[in-house]
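Residue numbers (the numbering used here): 364 to 461.
As structure tokens, this is what we get:
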């Protein structure tokens, strides 16, 4: 029996900026799915260390290291930092949800 872990990325609906656009979720350098405004994406991954990033066009978030224990669930939240960061490469904020 293969033990898996779950990574869930939520995107709150309170932000109007980018409301109609989907953010790509990149795990260990590969796009694993997209998350839209007010939705969440759950991914079944092997336990162990992973690097997660959110991406939108030319920009994205910082890399977030996560360690998934066997059968565990880790939740992250992705949201825009705001219009003043639109020019920078770190336009999105990806944080761990307690």
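Ideal Cβ positions, reconstructed from N, Cα and C, are used throughout, including at glycine.
Item to check | For residue 458 and residue 439, believed in contact at Cβ under 8 Å, the rounded distance | outcome: The C-beta distance from residue 439 to residue 458 rounds to 7 Å, short enough to meet the 8 Å contact threshold.
Item to check | residue 375 to residue 410 span [Cα, whole Å] | outcome: Looking at the two C-alpha atoms, the distance is approximately 26 Å.
Checklist entry - Okay, do the region 393–404 and the region 419–429 touch, 3+ Cβ pairs below 8 Å being the bar? => result Judged by Cβ distances under 8 Å, the region 393–404 makes no contact with the region 419–429, as fewer than three pairs qualify.
Checklist entry - The beta strand (DSSP E) spanning residue 416 covers which residue range? => result Note, residue 416: beta strand (DSSP E), 411–419.
Item to check | Delimiting residues of the beta strand (DSSP E) encompassing residue 427 | outcome: Segment 427–431, the beta strand (DSSP E) holding residue 427.
Next on the checklist: Quick check: the Cα distance between residue 386 and residue 455, rounded to an integer number of angstroms?
Outcome noted: Within the model, the alpha-carbon separation for residue 386 versus residue 455 is close to 9 Å.
Checklist entry - CA-CA distance, residue 407 and residue 394? => result A straight line joining the alpha-carbon of residue 407 with that of residue 394 spans about 14 Å.
Next on the checklist: My assumption, with CB atoms under 8 Å, is that residue 460 sits in contact with residue 373. Please give the rounded CB distance.
Outcome noted: Residue 373 and residue 460 do touch by the CB rule: their CB atoms are close to 7 Å apart, below 8 Å.
Item to check | Close beta carbons around residue 367, own chain, < 6 Å, minus the five adjacent residues each side | outcome: For residue 367, where only same-chain residues beyond five positions count, the Cβ hits under 6 Å are 407.
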